[in-house]
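Below is one structure, written out as structure tokens; the observations come after it.
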């Protein structure tokens, strides 16, 4: 699959930057275009990989913004993005849409530009293009406070409705206790890039095609459910025999998948490890409507029996027959990885917790505003209200 990626807001731009960097390092060919959209010029200036020509600063003519951000106000973020959508449309006119299988709109949902603007952009893309529009939304951690949770809870339903499928990443599940704020986000951005690249590059990682290779239609079918999705991932080193097969003496040997029991156990175990470890969003696996398994790495590591065993196991875990499985050959890779997407999950405790936190935050915001208004009124009037204002 080949995509046009649009990172919206501070977090969205950083994630897009990391995805682009990971693509360059891994040699994969996922993004036909990467565009960073923001209302704050300082945030765009911090990006390291996305070219300056692909960074869009919107809201420069808005009297409240003027290129300095929207102050974590999603309503203002939505307004500014909508006012300047023509700027994004102009940038997309330079993208070879004929070579794009889908759009991916990426945003952190705790701020203002991303939470307000990402749904607006996704909805506009849906109205303009025939290609599917997917989202990648990042939920704020509880440590970030009530306001980000409130913004995320407001943005979440709009983003889901505006996209064909919203892949969710939960910062609460990924920030380590020892992480600094910046270091923790850098690490999670890298983890996101790894998962998204491995999943979406299935079918276009190189010239070599295996018997069980995935393609873009398999990914599209799995994500066509609507709703939200979570991604599972695990990786391990390759066997010594795989290294040896790359030597000069073995160059002319056949590099087909070896169907021995060790390879089968390794592939099957890797998929189980992925699903049973940290998902991008903690969910009840049984609530997934569809799933897709991709094994990526050297073809020598693949096992049809292992892949079939893994597929049957995922079917049992999800109580669904809608499970696709295949591989993505990467002859020069030094690891073999398994990525599993659980599509249209409906039993997600984290979303319930987010909404509860947001309701508390909404009550606190209303109370603080009321108290502040009363305090200001008391400050500017005399005790007996005897002074008549001008």
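Numbering (my numbering), first residue to last: 194 to 583.
Heads up, the beta-carbon is just placed ideally off N, CA and C, and yes, glycines get one too.
Only a predicted model underlies this, so the values are computations on that prediction, with no experimental measurement involved.
{"Item": "Is it buried or exposed, residue 513, if we count other Cβ atoms within 10 angstroms and call 16 or more buried?", "Value": "buried"}
{"Item": "Assuming residue 528 is part of the beta strand (DSSP E), what are its boundary residues?", "Value": "528-536"}
{"Item": "Just verifying my parser: in three-state terms, what is the DSSP assignment at residue 273?", "Value": "helix"}
{"Item": "Pick out whichever of 473, 223, 500 and 313 has its Cα sitting closest to the Cα of residue 461.", "Value": "500"}
{"Item": "Return the Cβ separation of residue 363 and residue 473 in integer angstroms, given the expectation that the two are a contact with Cβ distance under 8 angstroms.", "Value": "7 angstroms"}
{"Item": "What span of residues does the alpha helix (DSSP H) with residue 340 cover, start to end?", "Value": "339-355"}
{"Item": "Could you tell me which whole beta strand (DSSP E) segments of length 3 or greater appear in the segment 237-273?", "Value": "248-250"}
{"Item": "Using beta-carbon positions only, say whether residue 387 and residue 530 come within less than 9 angstroms of one another.", "Value": "yes"}
{"Item": "Helix, strand or coil: which one does DSSP assign to residue 210?", "Value": "helix"}
{"Item": "Just to confirm, is the Cβ distance from residue 230 to residue 310 under 9 angstroms?", "Value": "yes"}
{"Item": "From this set, 303, 285, 317 and 355, which residue's C-alpha is nearest residue 337's C-alpha?", "Value": "303"}
{"Item": "Kindly list the residues whose CB is nearer than 6 angstroms to the CB of residue 548, restricted to its own chain and excluding five residues on each side of it in sequence; keep chain order.", "Value": "346"}
{"Item": "Give me the Cα-Cα distance between residue 441 and residue 265, rounded to the nearest whole angstrom.", "Value": "Because the pLDDT at residue 441 is just 48, under 50, the model does not fix this residue reliably, and the value given afterwards should be weighed accordingly. Straight-line Cα distance between these residues: approximately 58 angstroms."}
{"Item": "Please report how far the alpha carbon of residue 463 lies from the alpha carbon of residue 290, in whole angstroms.", "Value": "36 angstroms"}
{"Item": "So what does DSSP say about residue 426, is it helix, strand or coil?", "Value": "strand"}
{"Item": "Is it buried or exposed, residue 581, if we count other Cβ atoms within 10 angstroms and call 16 or more buried?", "Value": "exposed"}
{"Item": "Does DSSP classify residue 464 as helix, strand or coil?", "Value": "helix"}
{"Item": "According to DSSP, is residue 226 part of a helix, a strand, or is it coil?", "Value": "strand"}
{"Item": "Please identify the residue among 208, 518 and 258 whose C-alpha is closest to the C-alpha of residue 503.", "Value": "518"}
{"Item": "Which one of 421, 457 and 425 has the shortest CA to CA distance from residue 351?", "Value": "421"}
{"Item": "List the DSSP bridge partners of residue 483.", "Value": "536"}
{"Item": "Closest to residue 482 by CA distance: which of 491, 295, 510 and 298 is it?", "Value": "510"}
{"Item": "Per DSSP, residue 362 is paired with what?", "Value": "331"}
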